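Asker: Dropping the structure in here first, questions after.
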Amino acid sequence: MVDFDFLAAAIASVFVVVNPIGNIPIFYSLTVGYDEATKRRVILKVVWVTLGALILFGLLGSVIFKIYGISLPAFEIAGGLLLFSTSFSMLHGETPKSKSTSQDTDEAMEKESIAIVPLGIPLFAGPGAITTVIIFSGEAHSVVNELFVIVAIVVTALSSFFALTFAGPLFNKLGRMGAMAFSRIEGILLAALAVQFVLSGILAVVHTVI
23 MVDFDFLAAA IASVFVVVNP IGNIPIFYSL TVGYDEATKR RVILKVVWVT LGALILFGLL
83 GSVIFKIYGI SLPAFEIAGG LLLFSTSFSM LHGETPKSKS TSQDTDEAME KESIAIVPLG
143 IPLFAGPGAI TTVIIFSGEA HSVVNELFVI VAIVVTALSS FFALTFAGPL FNKLGRMGAM
203 AFSRIEGILL AALAVQFVLS GILAVVHTVI
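Counting with my numbering, you get residues 23 to 232 for the letters of the sequence shown.
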């Protein structure tokens, strides 16, 4: 039976964590003065880096668990706490420290290199996004659900592509305050998702003990 609820949850969760709209001001500020051709190349590289990193961790999630002897409940609890920290930063209108640092930005001096660091990693495909993908991959108990996780990543990457392609008009329309307000709304959703991950992990541990 096809679990469309799982698909919807995966798409919503990955999109919220990656936060394409909330990342527009950072992309906009880092690419000021770029010609359109260079911007397009940067955008494509960001999308490919995001796709590659998240799909890689999505496919290797179970392998990582086995190598390090980590249980899914333990990862859910740890991941939930990490996501909650990220959501707290978003609620206060800050760029999460786990996503980018001034040092990352300073190191990205060449125009197109910012597509990899800090835009691709860790801004779009950061620890929160990687954690979310691994958790959903661990909870996918069928091949169809595993494909749904990939679909969620692809949908988010495509959303990121359109968000960055129209970053100029969107930023002018939303303004910095509008983008921050949108980021705060996503922060609330992300906080709820983080709590859900922690509760799921705790309940799984309790069921195992009992």
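The beta carbon of each residue, even a glycine, is placed where N, CA and C say it ideally should be.
Note that the coordinates shown come from a computational prediction; the quantities given were computed from them, not determined experimentally.
Determine the direct distance from the alpha carbon of VAL176 to that of PHE26, and round the result to whole angstroms.
Answerer: The straight-line gap from Cα to Cα measures roughly 16 Å.
Asker: Indicate the three-state DSSP secondary structure (helix, strand or coil) for VAL165 in the structure shown.
Answerer: In this structure, VAL165 counts as helix in the three-state DSSP scheme.
Asker: How big is the Cα-Cα spacing for LEU73 and ALA226?
Answerer: About 30 Å.
Asker: On a Cα-Cα basis, can you pick out the residue from VAL165, THR153, PHE37 and ALA214 that is closest to SER181?
Answerer: Among VAL165, THR153, PHE37 and ALA214, the Cα nearest to that of SER181 is on PHE37.
Asker: GLY148: buried (16+ other C-beta within 10 angstroms of its C-beta) or exposed?
Answerer: Classification of GLY148: buried, given that the 10 Å Cβ count is 16 or more.
Asker: Please classify THR53: does DSSP put it in a helix, a strand, or coil?
Answerer: Coil.
Asker: Here's a check: name, in chain order, each residue in its chain whose Cβ is nearer than 7 Å to the Cβ of ALA189, leaving out the five neighbours to either side.
Answerer: Excluding residues within five positions, the ones whose Cβ falls inside 7 Å are ILE46, PHE49 and TYR50.
Asker: Rounded to a whole number of angstroms, what is the C-alpha to C-alpha distance between VAL54 and THR178?
Answerer: Going by the C-alpha atoms only, they are around 24 Å apart.
Asker: Below 8 Å on the Cβ atoms is my guess for VAL71 versus ILE138; work out the distance and round it to an integer in Å.
Answerer: Contact flag correct, Cβ pair sits at about 6 Å.
Asker: What do you get for LEU186, buried or exposed, if any count of 16 or more other CB atoms within 10 angstroms of its CB means buried?
Answerer: It is buried - the Cβ of LEU186 has at least 16 other Cβ atoms within 10 Å.
Asker: Mind checking whether GLY223 and ALA96 have CB atoms under 9 Å apart?
Answerer: Against a cut-off of 9 Å, the Cβ pair of ALA96 and GLY223 comes out as a contact.
Asker: Work out the CA separation of PRO144 and ILE152 for me, nearest whole Å.
Answerer: If I take the Cα positions, the gap works out to 10 Å.
Asker: Using the Cβ count rule (16 or more neighbours within 10 Å means buried), how would you classify SER164?
Answerer: Classification for SER164: exposed.
Asker: Pull up the distance between the alpha-carbon of ALA34 and that of LEU196, whole angstroms please.
Answerer: So the alpha carbons of these two residues sit roughly 22 Å apart.
Asker: Hey, VAL171 and GLY80 are a contact pair by Cβ (cut 8 Å); roughly how many whole angstroms apart?
Answerer: About 5 Å separates the two Cβ atoms, so the contact holds.
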